[in-house]
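First comes the structure, then the notes that go with it.
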Amino acid sequence: MELVVADIAVARGGLTVLEGVSFRLSSGQALVLRGPNGVGKTTLLRTLAGLQPAVGGTVNMAPESLCYGAHADGLKAVLTVAENLRFWAAIHGVDGVDDAMAQMNLTALRDRRAANLSAGQKRRLGLARLLVTGRPIWVLDEPTVSLDAASVQLFAGVLRGHLAAGGMALIATHIDLGLDEAAVLDLSPFKAALPKVARGGGFDEAFA
Amino acid sequence: MELVVADIAVARGGLTVLEGVSFRLSSGQALVLRGPNGVGKTTLLRTLAGLQPAVGGTVNMAPESLCYGAHADGLKAVLTVAENLRFWAAIHGVDGVDDAMAQMNLTALRDRRAANLSAGQKRRLGLARLLVTGRPIWVLDEPTVSLDAASVQLFAGVLRGHLAAGGMALIATHIDLGLDEAAVLDLSPFKAALPKVARGGGFDEAFA
Amino acid sequence: MSIWEYANPKKFMQTSAWALPWVAGLSVVTLVMGLIWGFFFTPDDYKQGSTVKIIYLHVPAAMMAINAWVMMLLASLIWLIRRHHVSALAAKAAAPVGLTFTFIALVTGALWGQPMWGTWWAWDPRLTSFLILCLFYLGYIALWQAVDDPDTAADLTGVLCIVGSVFAVLSRYAVNFWNQGLHQGASLSLDKEENVSDVFWLPLVVCIVGFILMFLALVLMRTRTEIRARRLQALLTRERIA
Amino acid sequence: MMPELGKYAFAVLSSYGASLALIVALVGWSILRGRQVKRQLAEVEARQKGTERSDG
Amino acid sequence: MIALLTRDLQLAFRAGGGFGLGLAFFLLAAVLVPLGVGPEGATLAKIAPGILWVGALLACLLSLDRIFALDFEDGSLDLLATSPIPLEGVVAVKALAHWLVTGLPLTLVAPVLGVLLNLPGPGYPWLVASLAAGTPALSVIGAFGAALTVGIKRGGLLLSLLVLPLYVPTLIFGAEVVRRGAMGVDVAVPILLLSGITAGALALLPFAAAAAIRVNLR
Amino acid sequence: MIALLTRDLQLAFRAGGGFGLGLAFFLLAAVLVPLGVGPEGATLAKIAPGILWVGALLACLLSLDRIFALDFEDGSLDLLATSPIPLEGVVAVKALAHWLVTGLPLTLVAPVLGVLLNLPGPGYPWLVASLAAGTPALSVIGAFGAALTVGIKRGGLLLSLLVLPLYVPTLIFGAEVVRRGAMGVDVAVPILLLSGITAGALALLPFAAAAAIRVNLR
Ligand code: HEM
Ligand SMILES: Nc1ncnc2c1ncn2[C@@H]1O[C@H](COP(=O)(O)OP(=O)(O)OP(=O)(O)O)[C@@H](O)[C@H]1O
Ligand SMILES: Nc1ncnc2c1ncn2[C@@H]1O[C@H](COP(=O)(O)OP(=O)(O)OP(=O)(O)O)[C@@H](O)[C@H]1O
Ligand SMILES: [Mg+2]
Ligand SMILES: [Mg+2]
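Chains as they are written, first to last, in the numbering used here: chain A, 1 to 208; chain B, 209 to 416; chain C, 417 to 658; chain D, 659 to 714; chain E, 715 to 932; chain F, 933 to 1150.
As structure tokens, then:
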């Protein structure tokens, strides 16, 4: 299984922010995306997840193999930890809720409603969701925000397990995950050149 | 000027989470709070900010000298960067919006609406707000979430400037801010002991 | 010994455990007596026929529906001023009882209205203000249920109860102003006994006492439950934290 | 024994029926919930006492 | 899909979920109108069919913004859009959940409010029938409107503005059924038209709504 | 305080801010009712005062959840609560902003809708006068309700349930003023009572609302 991204260009707010990004990810590999704030990491990940169209280039992967983890975790505050996970497991037709909770150290909190979790506990629950999708390609946007050092370790361990089982991961982060085996791709060189102002008052590219 | 916290106990969801926390902060000092996820950092900071009552202990400081910076930045998505700052400046009766934007490297984005900022840019704007409150005690909850390395440096510089001008800062964070002069307080030892179950079916402390 | 002693949940549980069977027993006795007396052993009214028998349910329920709200108002004030948990929980416990009594008054009134006025419902001021009272109860209960944190919920519902009471009184006057009604005037006042003859009056008084006792018994019982539920929640949270 | 209710039988009987039903429902619900909460509380208290002892 | 339906119902029944509040609003509307209009029985009887339908419609309207906005805000909608369930299915299930929580109870209590508004006797069965036939259309049209406005914070009023015109045919035929029913006239034509609208909306709007959501998520 | 007022108005006038939507809702309600009730002029004239007031009230109601909930969600309310402005002042200013955005325009366009609903001639000045006297009360009572429900996600319907009973006296006196005005009867008593309610609500409710917000922020 592979994720092949070739010469992709992505746009935000009608403005191309990144262009010419290419990489390839095979089973068991992880790639960390880096780049200063605002370079377009989130935009790139959303495009790969299929939530917005790419401006150019191609993305190749098996259908329904990608699982997106965003800033917002998709948790329902009034449901308990276990109920939240069970829902996503049912949506993806997968078992393993208990296992996911155990892996992310949530078993003690299983009957706590998500509203009553601290910032870091919530984040752990959001990451546990990845485990119940059963999908091989994880696309994660700053997954370790709010996590303490121990939880970052925990997550790195889970990630290694996922890779060892043949999964892939694409992670945008500013923090060092301690994942030495992962390749790093700095996005700064791919920042889109500012489109030239249309000459002669032409409208044809004013919409770019 | 001083912030003196003596033997404070704070509660969340009707349950005491931290107790016996004491520290003292004078002009020019910074204190970094650490502790694992869920230990009660956010709760402590909210209590100091006066948003919730303390269960016990005392807090001493000059009135209206404290400025709270939370996970949520209080930004309006439809207002521009400059408008957002101008509003908070007006509320606190302070000038210096341009200066604050310059310090947090936002001048180029001044007429961009907050909705169109990336996660890190938003965070920078949230931090710039601190500069227009004109208050000496900054109480910050994970201020550098989503910031890239350069922005963390930038913020550390701003913080040093604030301290040099006689300000104080109390910061809960999991990340190293590169602020070597700051004292560190680990909250783990102050975790509240479980109150003993009342014996003999007594109800008197069921409402703890 | 001050009355505030009973605001201590433990003390309250002890006292109410002792009092509850008596109050409950008495209320059953009076209610059964009053209703049987009213239903089987009173004559028909010359104008209203056998429908007068409805009065033994309708009037006590209507009175207690209003009094329950007054009790909730007092309990809310005590909670907000002195912060005694029992009073907040008593107000919470009383609301569904008051709401049920409101329903009884509305239903029996409607069933009475059909033969007497030829309609189930008329926008008579008294009926209307009762409907509004019903809405106040619903809002109050809904707010209790919507807020998680028990103390927060108690504070918010307390404020709502006070503001609501002011507006309930205003509504009563507004509604009076809006429409003159069909409904009976006060006929139970002590100085105008002749309005309702003794045959109807005596069993009615028994029924009213029965309803008062029933209200007390239910509120006692439900407050005990609320106290236990509150403690249960606290213990469970503690357990989870540990 | 049953009194003659005449043409108003429906109104009177259904008033009594509806009211008693409402009261019974309220009382029943209160008692059931009371029992349920009492039982749960007893369970949790017993459990917590147990763990406390085993802790030392 | 069943998991989604269960979750939506669960969320509605949990604290703050809003079940019963649509009902409460319906009741409130039925109380407010006489307070504004005056207490005369004859006037009320005349306007009862219209007011009841307008009330049902508004009660439905007010709960629409829950259909997608909550899921959008907490990121669930992004995740549902990338899940194995087709987005059309998500829309249909969520509209169904909305109907079960709002339209169905509304239909069931409507006769009680008919009493308050003095609706003439023969109107009652038709009131229930017309609401049963019409409220599913309200839910699915509303889901479409909610999908259009999902990106807008607190877009409640914009939503109303978009959806109300779409509700007009349902309202007209629904109220007409009740009015004719109350007068004892034949109701076949309006009730057929009403059912037609519902069937059409159910068949087509989920696709439009799913398209709108895809655009809004970009 | 002025900065807060300016910001709230600015937010209301920006895209998605909701200005004009209250108005639109009012308009729609005034259009829907004839659609539901049927077109007879005499019936409409009779119910016009009530319907106009109920419409104004619902239009007001629908925008209430914006008063505090947005600020709560994005954390502004925490920051305002720790700012030098007293929370009572914040409540008052926000209620004022709500009135300027909702109540005032409603008052100004009401006569146009009066025409649609066939309101008799002498009623118009009283329609405007009663709305001018009554809508501030709607805003401040609404602010109180919004303060109670600020912690509850999408508490819109709960908010309605809490607020509508509180609106009853205002509605009754307001509609009564218009009805009496339309019939050419003396309106002094109801309009005085209406103004009294408004004055009382303005004087007391900001304190209750501020207390509720403090509790909710805990
Ligand atoms: C749904 C409709 C009705 C409602 C909500 C209603 C409500 C009330 C209320 C609130 C009271 C006052 C109790 C008190 O404060 O002492 C009352 C008393 C009474 N009602 Fe009704 N009522 C309704 C219908 C009727 C009808 C149709 C009749 C008979 C024709 C009736 C006969 C009476 C009588 C005789 C009293 C006792 C008056 C007194 O002693 O104060 N009611 N009702
Ligand atoms: N809705 C929008 N309209 C216009 N521009 C936008 C919009 N949202 C974001 N942008 C801009 O697009 C660029 C890319 O944003 P993006 O969120 O992808 O950055 P990022 O790399 O994820 O940054 P961060 O590390 O801060 O999260 C930024 O410069 C941002 O200002
Ligand atoms: N509403 C609530 N009701 C009950 N318990 C809560 C509630 N909110 C938080 N808690 C619990 O209170 C404790 C303290 O939470 P707090 O948010 O202060 O932690 P924190 O130190 O800020 O953690 P983090 O680093 O993850 O942000 C946690 O154990 C949390 O689970
Ligand atoms: Mg980003
Ligand atoms: Mg925290």
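Beta carbons are placed, not taken as given, at the ideal position from N, Cα and C, and that holds for glycine.
Cβ neighbour criterion (16 or more within 10 Å) applied to M897 of chain E: Here residue 897 of chain E corresponds to residue number 183 of the fifth sequence, with the count starting at 1. Under this definition M897 of chain E is an exposed residue.
Sequence-distant residues of its chain with Cβ nearer than 6 Å to G803 of chain E (five each side left out): Here residue 803 of chain E is taken as the residue at index 89 of the fifth sequence, counted from 1. These residues qualify, in order along the chain: M715.
Near-chain C residues of the segment 214–238 of chain B (beta-carbon distance less than 8 Å), N- to C-terminal order: Using a CB distance below 8 Å, the part of the segment 214–238 of chain B facing chain C consists of G221, G222, L223, V225, ordered along the chain.
Collapsed DSSP secondary structure at S605 of chain C in the structure displayed: Within the third sequence, the letter at position 189 stands for residue 605 of chain C. Note that S605 of chain C scores 44 on pLDDT, short of 50, meaning its location in the model is unreliable; the coordinates nonetheless yield the value given after this. In the three-state scheme derived from DSSP, where H, G and I count as helix and E and B as strand, S605 of chain C is classed as coil.
Minimum C-alpha distance to V842 of chain E - residue among E:P883, E:L794, E:G888: Indexing the fifth sequence from 1 puts residue 842 of chain E at position 128. Put simply, of E:P883, E:L794, E:G888 the residue whose alpha carbon is nearest the alpha carbon of V842 of chain E is E:G888.
Whole-number beta carbon distance between L1038 of chain F and L1134 of chain F, since they are thought to touch under 8 Å: On the sixth sequence, position 202 is the one that residue 1134 of chain F refers to. On the sixth sequence, position 106 is the one that residue 1038 of chain F refers to. In this structure L1134 of chain F is not in contact with L1038 of chain F, their Cβ atoms being roughly 18 Å apart against a cut-off of 8 Å.
Own chain, CB closer than 7 Å to W528 of chain C, minus 5 neighbours either side, in chain order: On the third sequence, position 112 is the one that residue 528 of chain C refers to. When the five nearest sequence neighbours on each side are left out, the beta carbons in the same chain lying within less than 7 Å of the beta carbon of W528 of chain C are those of T467, I470, H474, in order along the chain.
Beta-carbon proximity check, G514 of chain C vs W485 of chain C, cutoff 8 Å: The residue you call residue 514 of chain C lines up with position 98 of the third sequence. The residue you call residue 485 of chain C lines up with position 69 of the third sequence. Yes, they are a contact pair.
Rounded separation between A1001 of chain F and D785 of chain E - CA only: Against the sixth sequence, residue 1001 of chain F aligns to sequence position 69. Against the fifth sequence, residue 785 of chain E aligns to sequence position 71. Taking the straight line joining both Cα atoms gives about 17 Å.
Cβ pair count under 8 Å reaching 3, the segment 851–860 of chain E against the segment 915–931 of chain E: The segment 851–860 of chain E, when compared against the segment 915–931 of chain E, does touch it at the 8 Å Cβ threshold.
Of the residues F:A1144, F:V1095, F:R1146, F:T1067, the one placed nearest I1123 of chain F, counting alpha carbons only: Residue 1123 of chain F sits at position 191 when you count from the first residue of the sixth sequence. With distances taken between Cα atoms, I1123 of chain F lies closest to F:T1067.
is_contact[T849 of chain E, chain F] using C-beta, thresh 8 Å: Along the fifth sequence, read from residue 1 onward, the residue named residue 849 of chain E stands at position 135. At least 8 Å separates the CB of T849 of chain E from every CB of chain F.
Minimum Cβ-Cβ distance from D111 of chain A to chain B less than 8 Å: By 1-based counting over the first sequence, the position of residue 111 of chain A is 111. Answer no: the Cβ-Cβ gap between D111 of chain A and chain B never drops below 8 Å.
Contact residues within the segment 1008–1033 of chain F, judged by C-beta distance below 7 Å to chain H: The structure shown contains no chain H; its protein chains are A, B, C, D, E and F.
Any non-hydrogen atom of ligand 5 within 7 Å of A806 of chain E CB: For the purposes of this step, residue 806 of chain E is taken as the residue at position 92 of the fifth sequence. The answer is no for A806 of chain E.
Near ligand 5: Q122 of chain A beta-carbon under 7 Å from a heavy atom: Indexing the first sequence from 1 puts residue 122 of chain A at position 122. It should be pointed out that residue 122 of chain A corresponds to Lys in this sequence rather than to Gln. Placement of the Cβ of K122 of chain A at a distance of 7 Å or more from every heavy atom of ligand 5 is found.
Exposure of S1008 of chain F, with buried meaning 16 or more beta-carbon neighbours within 10 Å: The residue labelled residue 1008 of chain F in the question sits at position 76 within the sixth sequence. S1008 of chain F should be labelled buried.
Residues within the segment 498–513 of chain C neighbouring chain D, beta-carbon criterion of under 8 Å: Answer in chain order: P512, V513.
Separation of R1150 of chain F from F517 of chain C, as counted between CA atoms: Working through the third sequence from its first residue, we reach residue 517 of chain C at position 101. Working through the sixth sequence from its first residue, we reach residue 1150 of chain F at position 218. Each residue's alpha carbon lies about 35 Å from the other.
Contact between the segment 123–131 of chain A and the segment 89–105 of chain A (3+ Cβ pairs under 8 Å): Touching, yes, given that three or more Cβ pairs across the two stretches are closer than 8 Å.
Contact list for H92 of chain A against chain E, beta-carbon separation under 8 Å: For the purposes of this step, residue 92 of chain A is taken as the residue at position 92 of the first sequence. Correct list: S797, P798.
Nearest candidate by alpha-carbon position, reference A270 of chain B, set B:V392, B:A257, B:S230, B:P261: As a working mapping, residue 270 of chain B is identified with position 62 in the second sequence. Among B:V392, B:A257, B:S230, B:P261, the Cα nearest to that of A270 of chain B belongs to B:A257.
Assigned secondary structure, A183 of chain A (DSSP; H/G/I helix, E/B strand, else coil): Taking the first residue of the first sequence as position 1, residue 183 of chain A is located at position 183. Under the three-state reduction of DSSP, A183 of chain A is assigned to strand.
For Q121 of chain A, the three-state DSSP class (helix, strand or coil): The residue given as residue 121 of chain A occupies position 121 in the first sequence. Residue state, collapsed to three classes: helix.
Residue-chain proximity (S492 of chain C, chain F), Cβ-Cβ < 8 Å: As a position in the third sequence, residue 492 of chain C is number 76, starting the count at 1. No, S492 of chain C lies away from the interface with chain F (no Cβ there is under 8 Å from its Cβ).
Which of helix, strand or coil DSSP assigns to S995 of chain F: Your numbering for residue 995 of chain F matches position 63 in the sixth sequence. Shown here, S995 of chain F sits in coil according to DSSP, grouped into three states, outside any helix or strand.
Nonlocal neighbours in the same chain, by C-beta distance under 7 Å from A759 of chain E, ignoring five residues either side: Along the fifth sequence, read from residue 1 onward, the residue named residue 759 of chain E stands at position 45. For A759 of chain E, where only same-chain residues beyond five positions count, the Cβ hits under 7 Å are N832, L833, P834.
Residues bridged to D168 of chain A [DSSP beta-bridge criterion]: One-based indexing of the first sequence puts residue 168 of chain A at position 168. According to the sequence as given, residue 168 of chain A is Met; it is not Asp. As a beta-bridge residue in DSSP terms, M168 of chain A pairs with A:I137.
Contacts of M637 of chain C in chain D (Cβ-Cβ under 8 Å): By one-based count along the third sequence, residue 637 of chain C stands at place 221. What M637 of chain C touches in chain D: S688, I689, G692.
beta-carbon K41 of chain A near ligand 7 non-hydrogen atom, thresh 7 Å: Absent from the structure shown: ligand 7. Ligands present: ligand 1, ligand 2, ligand 3, ligand 4 and ligand 5.
Outcome for A669 of chain D when other beta-carbon atoms lying within 10 angstroms are tallied against a minimum of 16: Numbered from its first residue, the fourth sequence carries residue 669 of chain D at position 11. By the 10 Å Cβ count, A669 of chain D comes out buried.
Coarse secondary structure for I8 of chain A, derived from DSSP in three states: Along the first sequence, read from residue 1 onward, the residue named residue 8 of chain A stands at position 8. Looking at I8 of chain A - three-state DSSP - the assignment turns out to be strand.
Proximal residues of chain B, C-beta to C-beta of R1150 of chain F below 8 Å: Working through the sixth sequence from its first residue, we reach residue 1150 of chain F at position 218. Within 8 Å Cβ-Cβ: L259, Q260, P261.
Assigned exposure category for Q121 of chain A - 16 Cβ within 10 Å defines buried: In the first sequence, residue 121 of chain A corresponds to position 121, counting from 1. A residue is called buried once 16 or more other Cβ atoms fall within 10 Å of its Cβ, and Q121 of chain A is buried on that count.
Chain E within 8 Å of V1100 of chain F, Cβ atoms only: Within the sixth sequence, residue 1100 of chain F is the residue found at index 168, counting from 1. Judged by the 8 Å Cβ criterion, V1100 of chain F is in contact with chain E.
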